[in-house]
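**Q** The sequence shown begins at 38 in the numbering used here and counts up by one. Positions of the beta carbon are idealized from the N, C-alpha and C atoms, including for glycine. Fair warning: this is a prediction, and the values are worked out from it, not measured in the lab.
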Amino acid sequence: MRPCFQEMISEAVKSADTWQFAGATDTGQIRLHNEDSLAWDEKTGLLVLADGMGGCRGGEIASALAVDTIMQAFRAAKGAPGPVAPLLAYTAVSRANQKIFEAAQQQPQYQGMGTTVALVYFCDNRATIASIGDSRVYRLRAGDLAQLTVDHTVVQEQLGRGELSPEEARYSPQRGLLTRALGVDPVAEVDVREVPVLPGDVYLLCSDGLYEMLGEREILITLSLHSGDLQAAAERLVQQANASGGYDNISVALARIDKPFPANRARGAGAAGGRT
Ligand code: MG
Numbered sequence: 038m039r040p041c042f043q044e045m046i047s048e049a050v051k052s053a054d055t056w057q058f059a060g061a062t063d064t065g066q067i068r069l070h071n072e073d074s075l076a077w078d079e080k081t082g083l084l085v086l087a088d089g090m091g092g093c094r095g096g097e098i099a100s101a102l103a104v105d106t107i108m109q110a111f112r113a114a115k116g117a118p119g120p121v122a123p124l125l126a127y128t129a130v131s132r133a134n135q136k137i138f139e140a141a142q143q144q145p146q147y148q149g150m151g152t153t154v155a156l157v158y159f160c161d162n163r164a165t166i167a168s169i170g171d172s173r174v175y176r177l178r179a180g181d182l183a184q185l186t187v188d189h190t191v192v193q194e195q196l197g198r199g200e201l202s203p204e205e206a207r208y209s210p211q212r213g214l215l216t217r218a219l220g221v222d223p224v225a226e227v228d229v230r231e232v233p234v235l236p237g238d239v240y241l242l243c244s245d246g247l248y249e250m251l252g253e254r255e256i257l258i259t260l261s262l263h264s265g266d267l268q269a270a271a272e273r274l275v276q277q278a279n280a281s282g283g284y285d286n287i288s289v290a291l292a293r294i295d296k297p298f299p300a301n302r303a304r305g306a307g308a309a310g311g312r313t
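1. Compute the Euclidean distance between the alpha carbons of residue 251 and residue 79, then round it to the nearest angstrom.
2. With a threshold of 16 other CB atoms inside 10 Å of the CB of residue 222, please say whether the residue is buried or exposed.
3. Verify the contact flag: residue 286, CB atom, against every heavy atom of ligand 1, threshold strictly below 8 Å.
4. Quick one: complete beta strand (DSSP E) runs, 3+ long, within the stretch 202-244?
5. Kindly examine ligand 1 and report whether one of its heavy atoms sits closer than 8 Å to the Cβ of residue 244.
6. Only counting the same chain, and skipping five residues up and downstream in sequence, which positions put a Cβ closer than 6 Å to that of residue 168?
7. Which one or two residues does DSSP pair with residue 254 in a beta bridge?
8. Is it right to say residue 54 is buried, meaning 16 or more other beta carbons lie within 10 angstroms of its own, or is it exposed?
9. According to DSSP, simplified to helix, strand and coil, what is residue 98?
10. Considering only C-alpha positions, which residue in the set 217, 81 and 72 is nearest to residue 310?
11. I'd like to confirm the pairing. Which residues does DSSP put opposite residue 138 in its beta bridges?
12. Please say whether residue 242 and residue 206 have beta carbons closer to each other than 9 Å?
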């Protein structure tokens, strides 16, 4: 039987060895500002990454608002039972959408600002994944790297309709053109899914500045080589993207699962970090 909400709160004393999180971000070689934001909180079991857009530094504001709002929403709901995790993710992202949309309406210089978002929330041996835009979540399991999100881009839609080959998509001038983003409409259409988690899994959240510069094979190799030291893995991925051109801001957040985490058991009390 699943523990009730109150029992979950009373069991919020957690061990530090269930999972480890890490992350890194960089402006890259071309851009003047870093409009990506990311944060993670091992105690809450949440990682969030956002890639903002908009003039007058609106992109930085939008991505920071998204990450902060989502982090706050999950922290406020600490101990929420696993079955409500997808609803919690949807609600948190929707709240962030509303905040960004309202800020853009109220301040003309931020009109049109928006952001992508990717989040992973670990609860009850599952990962709840929410995304909008073209930031991605990957999972490394048993030597395989799997993309767990779908890009909300014009090119992805063309690929889906068979109008482009993967090779044509790679060089399409419409790459990066989003079909969905957070903060640009009163209501955001967010993808939310749940996947079962196994010890040994490594989850990677990244902005397009990473995967546009590095192929999945390079990401897989670096993650596999450095999975024992997540911070080193995150920094190495950013370094490699910079070495490959660094055309955009580059952000990476990583989670390695070390132990099962059923809902009625203790979970890792760890550090919070990130850049917003
Ligand atoms: Mg980007």
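**A** Walking through what the data contain:
1. 27 Å
2. exposed
3. yes
4. 228-233 and 239-243
5. yes
6. 155, 186 and 228
7. DSSP output for residue 254 lists no bridge partner at all.
8. exposed
9. helix
10. 81
11. DSSP output for residue 138 lists no bridge partner at all.
12. no
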